[in-house]
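Chains as they are written, first to last, in my numbering: chain G, 57 to 195; chain U, 57 to 195; chain E, 57 to 195. Built from N, CA and C at the ideal position, the CB exists for glycine as well.
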Amino acid sequence: MKSYRKELWFEAPKRRAFFNVTPQVEQCLRESGIKDGMVLVNAMHITASVFINDDESGLHADFERWLEKLAPENPHTAYEHNRTGEDNADAHLKRTIMGREVVVAVTDGRLDFGPWEPIFYGEFDGLRRKRVLVKIIGE
Amino acid sequence: MKSYRKELWFEAPKRRAFFNVTPQVEQCLRESGIKDGMVLVNAMHITASVFINDDESGLHADFERWLEKLAPENPHTAYEHNRTGEDNADAHLKRTIMGREVVVAVTDGRLDFGPWEPIFYGEFDGLRRKRVLVKIIGE
Amino acid sequence: MKSYRKELWFEAPKRRAFFNVTPQVEQCLRESGIKDGMVLVNAMHITASVFINDDESGLHADFERWLEKLAPENPHTAYEHNRTGEDNADAHLKRTIMGREVVVAVTDGRLDFGPWEPIFYGEFDGLRRKRVLVKIIGE
Chain G
57 MKSYRKELWF EAPKRRAFFN VTPQVEQCLR ESGIKDGMVL VNAMHITASV
107 FINDDESGLH ADFERWLEKL APENPHTAYE HNRTGEDNAD AHLKRTIMGR
157 EVVVAVTDGR LDFGPWEPIF YGEFDGLRRK RVLVKIIGE
Chain U
57 MKSYRKELWF EAPKRRAFFN VTPQVEQCLR ESGIKDGMVL VNAMHITASV
107 FINDDESGLH ADFERWLEKL APENPHTAYE HNRTGEDNAD AHLKRTIMGR
157 EVVVAVTDGR LDFGPWEPIF YGEFDGLRRK RVLVKIIGE
Chain E
57 MKSYRKELWF EAPKRRAFFN VTPQVEQCLR ESGIKDGMVL VNAMHITASV
107 FINDDESGLH ADFERWLEKL APENPHTAYE HNRTGEDNAD AHLKRTIMGR
157 EVVVAVTDGR LDFGPWEPIF YGEFDGLRRK RVLVKIIGE
């Protein structure tokens, strides 16, 4: 069994942002030399997500509005977590909806995807450097 | 390390439907000859899900009503994504709630499940042929 | 490839509770002798979750309130599933929001985590003994 590990770093210029990280994950896969196996891509922070969905700006605006409806940022005082000095309780909830991680099959040296499956890093508490882990195992 | 890969195809006769795919995944496991490892089962489309929950029609009706409450299909014009010519923005959101994939342990040649863990394909934008990927790695 | 499997048992003293299971998963990893690979931690029941988020009591109170808003327990009669003699339809929905499983990378014999990534067992239909599966594969 071979394995590969890399951290990808991101700094969102605002509180919430989505980054298409598919090219970086593909680069990791090439570096690994692994042809068959599985890749795990996960946020290393509990106020951020990794997920697979459409790279379409209208849908991203829909996600923003929808997440604000399901887990609104304001008022900050609505959340007990924010009494600890934090202001990011909503980010913990949004990350829960969007998910921590994806596992993707590797076949013939490629991410084994359907026709439209880009991988996104979803930031819900940005304005600082945060990390995504790429771990690949296989042969 | 051994590996196995298969695509399962589905065509839902309406926009939304759930398919219990456990028998097909068990068949894949038998074909693979893998006795110990992990199986990944994922939707290959971003308007569909793979998840584990109860095979009970009342609960499925509850899921349908609940997903319509959290991410209603109508009006289509409520979603920016639908201005691109699509009408399936709600399906992208529903898939997010229900999840893209499951990873299941393989032990002694069997899906290592608790007492009630069927695997479902959840379709939220049906009436066309769509795919699920089954990838198994192990020994 | 090496593999390891263990069931962890829990009995929540009330309907809903969160257990930080990170120490038990770390103990499993030590017992496995696996230094590099992946660990799957999943609920073996469809009314419970395994997830990664903050070990902070205020946030847990926020989760409780939020899940009751998105998928309220009462009235039990609101759910078709509860007409089957069950009373836990809400637990199936809450588990869907919080997730069935996590997959965590193993690197240098340790759970390859960011700074704050504890693993939780989330019980939504407690007062009985239930299980979590820990499955590790690697070398």
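Contact check for Val188 (chain U) and Val95 (chain U): beta-carbon distance about 12 angstroms, past the 8 angstroms limit, so the pair fails to qualify.
Going by DSSP, Glu157 (chain E) is part of no alpha helix (DSSP H) but of the beta strand (DSSP E) stretching over Glu157 to Thr163. Around Ser59 (chain U), the same chain offers Ile193 as residues with beta carbons nearer than 6 angstroms, after the five sequence neighbours per side are excluded. When secondary structure is reduced to three states using DSSP, Arg187 (chain E) falls in the strand class. Under the DSSP assignment, Arg121 (chain U) falls in the alpha helix (DSSP H) whose first and last residues are Ser113 to Leu126. Here Lys150 (chain U) carries a helix assignment [DSSP, helix/strand/coil]. When the alpha-carbon of Asn138 (chain G) is set against those of E:Leu115, E:Arg86 and E:Phe74, the nearest one is in E:Leu115.
With a threshold of 8 angstroms between beta carbons, Ile90 (chain E) makes no contact with chain U. Listed along chain U is no residue with a C-beta nearer than 9 angstroms to that of Leu85 (chain G); the closest approach is about 14 angstroms.
Below 8 angstroms, too few C-beta pairs join the stretch 118–135 of chain G and the stretch 77–91 of chain G to call them touching: fewer than three. Ranked by Cα distance from Glu112 (chain E), the first of G:Ile102, G:Arg121 and G:Ile108 is G:Ile102.
The beta carbon of Gly165 (chain G) sits closer than 6 angstroms to the beta carbons of Lys91 from its chain, once the five residues preceding and following it are set aside; these are given in chain order. Under the Cβ criterion of 8 angstroms, Asn109 (chain E) is counted among the residues facing chain G. At least 8 angstroms separates the beta-carbon of Arg72 (chain E) from that of Glu142 (chain E). Pairing Asp146 (chain G) with Ala161 (chain G) gives a Cβ-Cβ distance that is not under 8 angstroms. At least one CB atom of chain U sits nearer than 8 angstroms to the CB of Met94 (chain G). When rounded, the separation of the alpha-carbon atoms in Phe169 (chain U) and Glu82 (chain U) is 12 angstroms. In the three-state DSSP reduction, Arg139 (chain U) falls in the helix class (H, G or I).
Nearest Cα to Ala99 (chain U) within the set G:Glu63, G:Gly178, G:Glu173 and G:Lys186: G:Glu173. For Leu189 (chain G), none of the residues of chain U pass the 9 angstroms Cβ criterion, the least Cβ distance being about 16 angstroms.
Look at the stretch 155–175 of chain E: the residues with a C-beta under 8 angstroms from a C-beta of chain U are Gly155, Arg156, Glu157 and Val159. Secondary-structure assignment with DSSP links Ile108 (chain U) through a beta bridge to U:Ile175. In this structure, the straight-line span from the alpha carbon of Arg156 (chain E) to that of Glu179 (chain U) is close to 19 angstroms. For Thr152 (chain E), the neighbours in chain U by C-beta distance under 9 angstroms run, in chain order, Phe107, Asn109, Phe119, Trp122, Ile153, Met154 and Gly155. A residue is called buried once 16 or more other Cβ atoms fall within 10 Å of its Cβ, and Asn76 (chain E), having fewer, is exposed. DSSP, reduced to helix, strand and coil, places Glu129 (chain G) outside both helices and strands of the structure shown, so it counts as coil.
The residues Val158, Glu173 and Ile175, in chain order, have a CB closer than 6 angstroms to that of Ile108 (chain E) in the same chain once the five nearest residues on each side in sequence are set aside. Bounds of the alpha helix (DSSP H) holding Val81 (chain U) are Thr78 to Ser88. At least 8 angstroms separates the beta-carbon of Leu183 (chain U) from that of Ala104 (chain U). Of all residues in the stretch 125–142 of chain U, only Leu126, Ala127, Ala134, Tyr135, Glu136, His137, Asn138, Arg139, Thr140 and Glu142 come within less than 9 angstroms of chain G when Cβ atoms are compared, listed by chain position.
In this structure, Thr152 (chain U) and Met154 (chain G) form a Cβ contact; the two beta carbons are roughly 6 angstroms apart against a cut-off of 8 angstroms. The shortest CA-to-CA distance from Met57 (chain E) to any of U:Lys70, U:Cys84, U:Trp65 and U:Gly93 is the one to U:Gly93.
Sequence-distant partners of Leu167 (chain U) (beyond 5 residues in either direction) whose C-beta falls short of 6 angstroms from its own C-beta, in its chain, are Val160. In this structure, Val190 (chain G) sits near Lys62 (chain G), with a CB-CB distance shorter than 8 angstroms.
The C-beta distance from His148 (chain G) to Asp110 (chain E) rounds to 6 angstroms, short enough to fall under 8 angstroms. For the pair Glu129 (chain E) and Trp65 (chain E), the Cα-to-Cα distance works out to about 24 angstroms.
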